[in-house]
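J.: Per the numbering used here, the sequence shown runs over residues 337 to 529. Every residue gets a Cβ at the ideal spot worked out from N, C-alpha and C, and that includes glycine. Nothing here was measured: the structure is a model prediction, and the numbers come from that model. I am attaching a structure below and will ask some questions about it afterwards.
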Amino acid sequence: MGAGLYIEELETGHTDGGYGVASAEIKAAATDKSCIGTCPAPTAGDAVHYTPLDRTVDDLGKLTAGRHAAVRTGLSVDDDDNAADVWRIPSAAFDTAACAAAEKGVTVRLHSTDVNREDLNALSDRIGEDMSRWDGTFLLREVGVDESGFVFVGVDAPERAEPILEETFGERYIRVEHAEQAHTLPLEVPEAG
């Protein structure tokens, strides 16, 4: 369950991930609020087969998909610290619910943003609608939402692409960086035998 949410968070936009916030960057990010869970672990059912962090991430996913969807920006899992990092538009109601959902021993770190996931997804979709639009000026190779509150745009020539993309889509929620050309792997055909 928790792993499914984490994978869902990575599979945003138009790429298969690979550009998310680095663990060190997450740990260095300003944290508005941090809490350590006190909810007891379940004693029966399928949930007992998952870790406390997995169950907490699953519960956070339900919160951010439900009544708190308007404040959700993204979520990242820190297995090393047994923590979930949540980026959200500050909301006392969500913060209370997120801390209440945390299982005993799991840390929830809340980070402020000023944009929700729906708006970032819409921006990502607009940028990626026509990947070949910029051919001749630069190559747009990747577009996707990063959980910490921006749209990652991977291009071959950031110095040419950045001013054009920022003029077209605004600079506030876009991070333009170099991305290598994707290559397909050769298909291995089994030998007849």
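1) Taking aspartate 394 as the reference, give the member of Val407, Ala515, Val422 and Pro499 with the closest Cα.
2) Thinking serine 460 and valine 491 are a contact (beta carbons under 8 Å), I'd like their distance in whole angstroms, please.
3) Using 8 Å as the threshold, is the C-beta distance between valine 392 and alanine 437 below it?
4) Please list, in chain order, all residues of the same chain as asparagine 418 whose beta carbon is under 8 Å from its beta carbon, the five residues on each side excluded.
5) Quick one: using the 10 Å Cβ neighbour count with 16 as the cut-off for buried, is aspartate 415 buried or exposed?
6) Give the straight-line distance between the Cα atoms of valine 407 and phenylalanine 505, rounded to the nearest whole angstrom.
7) Let me know if valine 413 comes out buried or exposed under the rule of 16 or more other beta-carbons within 10 Å of its beta-carbon.
8) Please state the DSSP three-state secondary structure of isoleucine 372.
9) With a 10 Å radius around its C-beta and 16 neighbouring C-beta atoms as the bar for buried, classify glutamate 483 as buried or exposed.
10) If you compare alpha carbons, which of Pro499, Ile372, Ala493 and Glu503 is closest to glutamine 517?
11) Let me check understanding here. Comparing Cα to Cα, which of Tyr509, Val512 and Ser427 lies closest to arginine 403?
12) Rounded to whole angstroms, what is the Cα-Cα separation between alanine 434 and threonine 449?
13) When DSSP labels each residue in this structure, what does histidine 404 get in the three-state scheme?
14) Would you tell me roughly how many angstroms separate the C-alpha atoms of isoleucine 372 and leucine 475, rounded to the nearest one?
15) Report the option in Glu465, Ile425 and Asp466 whose CA atom is closest to the CA atom of leucine 446.
16) Which residue from Asp455, Gly480 and Glu495 puts its Cα closest to that of glycine 464?
17) List the residues that DSSP assigns as beta-bridge partners of isoleucine 425.
T.: Let me lay it out:
1) Val422
2) Going by Cβ atoms, the distance from serine 460 to valine 491 rounds to 14 Å, so no, they are not a contact pair.
3) Going by the sequence as given, residue 392 is threonine instead of valine. Yes, they are a contact pair.
4) Pro388, Leu389, Gly441, Val442 and Thr443
5) exposed
6) 22 Å
7) buried
8) strand
9) buried
10) Ala493
11) Ser427
12) 16 Å
13) coil
14) 45 Å
15) Ile425
16) Gly480
17) The partner list for isoleucine 425 (beta bridge, DSSP) is empty, contrary to what the question assumes.
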